[in-house]
Amino acid sequence: MDMGADDALALAYALRCQRLHVLAVTLVSGNVPVAQAFANAHLVIQAAGVSTGPTVSVGASRPLKREPIHAEQVHGPDGMGGITSLAGPTGAPRYPQPQMQPPSEDAPDAIRRLLLDSPGQITVVTTGPLTNLALLHRRDPSALLAAREVICMAGAFRVPGNVTPAAEYNVYADPHAARELLHSGAPITFVGLDVTTRVALMREQLAAWCAEHPSPLGQLLVDCTAFCMEFHQRVEGYNGMAMHDPLAVAFAADRTLLQLEPMRVDVETEGLLTAGMTLADLRSRNVPKQGVPVSVAVEVDAARFMADFRGALFGQLNSPSA
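Numbering of the sequence shown is given in the numbering used here, commencing with residue 1 and proceeding in unit increments.
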């Protein structure tokens, strides 16, 4: 996770979803520097009221080769819409920064330990750049093969990118890592912009849910998504945000939410105009296809996903129209 606003929604859902058991939260440089991601993850875990929270491990502080590319313009200076500067009624910080230190075991080693301790049992879900998994593959090529599945919120296959015309952000931020993971032999499912852009959380929708079932977690989510929703209002013309990361996490809990299609895919790492492009070989004629065989999400049951998300975090609303 790189702990922007949609990562916060995804982590909150994962912690509250009764069908998921979160073993670890592993952080990577992406929307924000990894140290800020560590603080943001703990804010969400604390607000969720989890008595025994998952281990939170810090991973790569930069991409494999390129310079870091953060997303302050979308998620705010702290990745959470600037909530770390909000004051409460007494003037004290509404969301004090956690003071704990990261564990000595870094994110790639934490993932390796969990996978090798329970081969074939653990699903890895990525919601940020793929640097940690590329580093894990370099340290121990066998570890990722022990995953039940690697679900990546990454890529754009039949739709435009969101950071360039060709590239989705999580791949663009570290295309070399994405390509290393793709060629690792791990069982990969991409949940990309083809489906995540079809599911939006609207500002009034979230406000209604929080008003119906007020909680510290709900208020945190209202506060941390406001900046991102304002960005989309200015740029996209709607007062909400796409549910990129939550949809990838929800698919780990409910395999029927998405329809998958087998594709052969590769990642462009160097192109002047196409760096970070997830290139699917969509040729229909009978020729040998290029790329690595993966599964790609192509359809989503958006209404059922949103009902599941709402139920996990807020319970059922009294008003059926909200």
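Positions of the beta carbon are idealized from the N, C-alpha and C atoms, including for glycine. From a predicted model like this one, the values you see are computed outputs, not experimental measurements.
Taking C-beta atoms under 8 Å as the contact rule, V300 and V171 fail to qualify, at a distance of about 19 Å. Per DSSP, the beta bridge partners of F190 are C152, V296. Taking C-beta separations shorter than 6 Å and ignoring five residues to either side along the sequence, R285 has no partners in its chain.
When Cβ pairs closer than 8 Å are counted between the two stretches, the region 182-201 is seen to touch the region 257-271, the count reaching three or more. Three or more beta-carbon pairs separated by less than 8 Å link the region 119-131 to the region 172-184, which places the two stretches in contact.
Beyond the five residues adjoining it in sequence on each side, N40 comes within less than 6 Å, by CB distance, of M3, G79, M80 in the same chain, given in chain order. Within the same chain, Cβ atoms closer than 7 Å to the Cβ of H232 are found at Y238, G240, M241, the five residues on either side in sequence being excluded.
Comparing alpha carbon positions, the residue from E212, A8, V249, G315 closest to I83 is A8. Approximately 5 Å separates the beta-carbon atoms of V25 and V56; this is inside 8 Å, confirming the contact.
Boundaries of the beta strand (DSSP E) harbouring V25: 24-27, taken from the DSSP string. Shown here, V163 sits in coil according to DSSP, grouped into three states, outside any helix or strand. Counted as a single uninterrupted DSSP element, the stretch harbouring A242 is not any alpha helix (DSSP H) but the beta strand (DSSP E) occupying residues 240-242. In this structure, DSSP gives M3 a state outside helix and strand, which the three-state scheme calls coil. When the beta-carbon positions are compared, L221 and R16 stay at least 7 Å from each other. Relative to C228, the option among E72, L43, V22, A14 whose CA is nearest is E72. No Cβ-Cβ contact shorter than 7 Å links S184 with H244. Your pair W209 and R304 does not check out as a contact, with CB atoms roughly 16 Å apart and the cut at 8 Å.
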